[in-house]
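To start, the structure itself, in C-alpha cells.
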Amino acid sequence: MIVAALAAAGLAALIHVYIFVLESLRWTAPSTRRVFGVRSEEEARILQPMAFNQGFYNLFLALVAGTGIAAIALGATAVGAALVFAGTGSMAAAGLVLLVSSPDKASAALKQLVPPLAAVVLLALGLAL
3 MIVAALAAAG LAALIHVYIF VLESLRWTAP STRRVFGVRS EEEARILQPM
53 AFNQGFYNLF LALVAGTGIA AIALGATAVG AALVFAGTGS MAAAGLVLLV
103 SSPDKASAAL KQLVPPLAAV VLLALGLAL
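Just so you know, the numbering used here puts 84 at position 82 of the sequence shown, and the rest follows in order with no gaps.
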C-alpha cells in the first residue's frame with residue numbers, strides 16, 4: 003500500500019511540476035493561454051506576475067512531496083510520511099478549492115486533486131496496517 007501511495011504522490015508531484023512549467027515558464031504561449039482560458043497575449047502579460055508566483059507554489063509542493071518520497075525510500079519513514087502528507091495534502095486542498103470556487107474548471111481541479119488525495123489515503127492506510 004505504501005508503494006502505491008508513493009506512486010500516487012510521485013504522479014501528483016509530476017503534475018505540479020508540469021503546472022509550474024505552464025504558469026512560470028510558458029504562461030504567454032498560445033497553447034498555455036488556451037489551457038487556462040486566457041484570451042489574449044495582453045491579458046496573459048497582465049496576469050503573468052501572478053501566474054509566475056503561483057507556478058512556484060506548485061513547484062514547492064512538488065519538491066516537498068518528492069523529498070518525502072525520497073526520505074521514505076531511504077528508510078526515514080516518519081519524516082518522509084510527514085513531508086508526503088504535507089505536500090500532497092496541500093495539493094489536494096488546492097484542488098478542492100479550485101473545484102468549489104470554479105466548478106467550470108472541474109476537469110483541471112480533479113486532475114490536481116485526485117492523485118494527491120489517493121496518496122494521502124493510501125499512505126494513511128499503509129502506515130496504519
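Just so it is clear, CB atoms sit at the ideal spot from N, CA and C, and this is done for glycine as well. Quantities reported herein were computed from a predicted structural model and do not represent experimental measurements.
- Message: Buried or exposed for residue 93, going by 16 or more other Cβ atoms inside 10 Å?
- Response: buried
- Alpha carbon to alpha carbon, how far is residue 28 from residue 17? 15 Å
- Task: Decide if residue 71 is buried, meaning its Cβ has at least 16 other Cβ atoms within 10 Å, or exposed.
- Result: buried
- For the segment 23-38 against the segment 56-75, are there 3 or more C-beta pairs whose distance is under 8 Å? yes
- Item | Straight-line gap, residue 126 to residue 6 (C-alpha atoms, nearest Å) | Between the alpha carbons of residue 126 and residue 6 lies a gap of roughly 11 Å.
- Answer with buried or exposed for residue 68, where buried requires no fewer than 16 other C-beta atoms within 10 angstroms of its C-beta. buried
- Message: Considering only their Cβ atoms, is the gap separating residue 115 from residue 97 smaller than 8 Å?
- Response: yes
- Task: Give the secondary structure of residue 3 by DSSP, where H, G and I count as helix, E and B as strand, and everything else as coil.
- Result: coil
- Query: Since residue 81 and residue 88 are thought to touch, with beta carbons under 8 Å apart, how far apart are those beta carbons, to the nearest angstrom?
  - Reply: Not a contact, Cβ separation roughly 11 Å.
- Query: Taking DSSP as the reference, what is the three-state secondary structure of residue 39?
  - Reply: Looking at residue 39 - three-state DSSP - the assignment turns out to be coil, as it is neither helix nor strand.
- Query: Roughly how many angstroms separate the alpha carbons of residue 32 and residue 130, rounded to a whole number?
  - Reply: 47 Å
- Query: Expressed to the nearest angstrom, what Euclidean distance is found between the alpha-carbon atoms of residue 37 and residue 19?
  - Reply: 16 Å
- Message: At the level of alpha carbons, what is the spacing between residue 39 and residue 78?
- Response: 42 Å
- Limits of the unbroken alpha helix (DSSP H) element including residue 82: 79-103
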